[in-house]
Every structure is written in C-alpha cells, then in structure tokens.
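Undergrad:
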Amino acid sequence: SHSAVNPQRVRIDGETYLGDQLIQAKDSMIPDRITKIAAGEHHMVALTQSGRVWAWGRNESGQLGNGNQSDQGYAVPVLAGEQSTYVCDECGAIHYSVPSSGKCVCGGESFTRSPYLEKIIGLAAGTSHTLALTDGGRVWSWGSHQYGQLGARQYPDNIKSTTPVQVKGYLAQGSLENVVKVAAGGHSSAALLRDGSIWAWGRNDAGQLGQGKDAPTRITLATQVKAGQQYHSSFREDPDETKKLYLQEIV
Numbered sequence: 031s032h033s034a035v036n037p038q039r040v041r042i043d044g045e046t047y048l049g050d051q052l053i054q055a056k057d058s059m060i061p062d063r064i065t066k067i068a069a070g071e072h073h074m075v076a077l078t079q080s081g082r083v084w085a086w087g088r089n090e091s092g093q094l095g096n097g098n099q100s101d102q103g104y105a106v107p108v109l110a111g112e113q114s115t116y117v118c119d120e121c122g123a124i125h126y127s128v129p130s131s132g133k134c135v136c137g138g139e140s141f142t143r144s145p146y147l148e149k150i151i152g153l154a155a156g157t158s159h160t161l162a163l164t165d166g167g168r169v170w171s172w173g174s175h176q177y178g179q180l181g182a183r184q185y186p187d188n189i190k191s192t193t194p195v196q197v198k199g200y201l202a203q204g205s206l207e208n209v210v211k212v213a214a215g216g217h218s219s220a221a222l223l224r225d226g227s228i229w230a231w232g233r234n235d236a237g238q239l240g241q242g243k244d245a246p247t248r249i250t251l252a253t254q255v256k257a258g259q260q261y262h263s264s265f266r267e268d269p270d271e272t273k274k275l276y277l278q279e280i281v
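Heads up, our numbering is the position in the sequence shown plus 30, with the first residue counted as 1.
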C-alpha cells in the first residue's frame, strides 16, 4: 500500500526511529530529539535539537537536500552544500570557523568540517523546495529553482540544487541577514527580518510576493514586500526607493 490510515513513526532505517539517533554531547552520546517539523507537497523535513535537518519523501527536484534526486522512504540528513561548519572532534561543539586560538572551549584542538547542514533553528517547505534558518540569521535553500524560489543566484528556469545554497541579499549583494523567521508558499519564499520588514522571492504570477500589479511573474532575489497605498504607523518610507512604502514591524 502507498498510504497509511494510522500514524506511523518516521524512521531513518529499518531499526532506528528519527529522534533516536545518537549524537556526541561532551563525554556521552545522547538521542538527537526532534524540535520542529514542516511539510511540503510530497516531502517533509524535521529539525533536531542539535540543529541538523532531516528530510524524506519525494525528491525529484532535490528538495530533500541529500545530494541526489531519488525519493526517500526513510529520513535522510540534509548535506552541508555550500555551508562550512567545523565540529570539535573532542566534544562535538559546532563552529562556523575554526577558533582563532586553535582551541575549542573544551580544550580540543582537532576539528573536522561537518558534512551536514548545521546550526539551524527554523524550517519551511514549499511544493518542491525547502528553506532553513541558521542561528546567525541567514537562510539556506535547496530544491527547485524554477520560479526563483531558492533566492540564491540568477539561475535559468528549471535549474535545481540538490544541496543547500545561501539566499542572497538585495540585488545579490552578500547574503540575506538578520532573518528571524522563514516561510514558503507553493513556489515562493519569504523571510521576516529583525527590523520587522518582510522580503520575498520566487513565483509571483498571482502577486504572492507583494510587489504590485506590474511586477515580474518570477523574482529570483529577495525583494522587500510593499505596503500599497495604505498609511499607518507600522509602515515606513524608504528614501532610497523613491518614497515607496513597505510593510514594516510585522510580528
């Protein structure tokens, strides 16, 4: 059968349930429990307490982030892709770079680049793409980029990424930063920034990116959502954008 009437606990193999897999924590190994989940159209993702992401289900666009396009009946870990993090071989602590002192807080001096996406605190899943938010306020994406929903670079139509790529900032300058929440529609993506502004990218044929009626139907880079002609204390004017109004301070 290709369906289940009753709830089934997700597994990573024939013997181990997702959330029971062990991770290193100082001097012991502990289960890496699940803290958040998200569901796309035919795939699902889960975030563990260690900050890693697992995914399962359909994978024709690489939305599972495991480096291929094969469907997965068991949960698989999302690979690092373009992210670089380093794990202390002694205590398992994860760093964005090797400490300048050459030592971890535990005193360990040996580090290994992690093969997995790390330090994630938030998730979102679209029809065939996935978003992940790091504890540093940046966003990673993988899967279909047919409508620009990865927000990573100027890909042509129908290009996919089977491993995480970083969402770029306005006009592709650096990366999108200070993000506190991410969300995904069918083929579009959005991010809430710490200053209350909302940025969106991807499919826009029905105006789902909030850019007005004359905007392109496909926007591949993060663009701030406009507020239309409404005037309210929760809106602000941006002098660098010819006095257009933007949604602001949405919490």
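Cβ atoms here follow ideal geometry from the backbone N, Cα and C, with glycine treated the same way. In this text the structure is predicted, and so the values were computed from the model without any measurement.
So, are the CB atoms of Q113 and W170 less than 8 Å apart?
TA: yes
Undergrad: Would T253 and Q238 qualify as a contact pair, given that the criterion is a beta-carbon distance under 8 Å?
TA: no
Undergrad: Secondary structure at L163, three-state DSSP: helix, strand or coil?
TA: strand
Undergrad: Out of W86, Q102, W172, G122, point me to the one whose CA is closest to D57's CA.
TA: G122
Undergrad: Which residues mark the beginning and the end of the beta strand (DSSP E) in which S191 is found?
TA: The continuous beta strand (DSSP E) containing S191 extends over residues 190-196.
Undergrad: The beta strand (DSSP E) spanning G232 covers which residue range?
TA: In the DSSP assignment, G232 falls within the beta strand (DSSP E) that extends over 228-233.
Undergrad: Tell me the rounded alpha-carbon separation between D50 and G44.
TA: 13 Å
Undergrad: Mind checking T115: buried by the 16 CB within 10 Å criterion, or exposed?
TA: T115 is buried by the Cβ-count criterion.
Undergrad: Should R224 be labelled buried (16 or more other beta-carbon atoms within 10 Å of its own) or exposed?
TA: exposed
Undergrad: Per the DSSP calculation, G87 is bridged to which residue(s)?
TA: Looking at the DSSP output, G87 sits in a beta bridge with H73, Q102.
Undergrad: Among all the DSSP beta bridges, which residues are the ones paired with G129?
TA: Checking the sequence, you will find Pro at residue 129 rather than Gly. DSSP output for P129 lists no bridge partner at all.
Undergrad: Between the Cα of E207 and those of A214, K198, G215, A213, spot the shortest distance and give me the residue it belongs to.
TA: K198
Undergrad: Between the alpha carbons of Q79 and L163, how many angstroms are there, rounded?
TA: 14 Å
Undergrad: State the Cα-Cα distance for the pair A221 and D101, rounded to the nearest angstrom.
TA: 28 Å
Undergrad: Using the Cβ count rule (16 or more neighbours within 10 Å means buried), how would you classify Q260?
TA: Confidence at Q260 is low in this model, with a pLDDT of 41, below 50, so its placement is unreliable and the value that follows should be read with caution. Classification for Q260: exposed.
Undergrad: Here's the rule I'm using: 16 or more other beta-carbon atoms within 10 Å means buried, otherwise exposed. How should I150 be labelled?
TA: Burial call: buried.
Undergrad: Who does C118 pair with in a DSSP beta bridge?
TA: Note: C118 sits in a beta bridge opposite F141.
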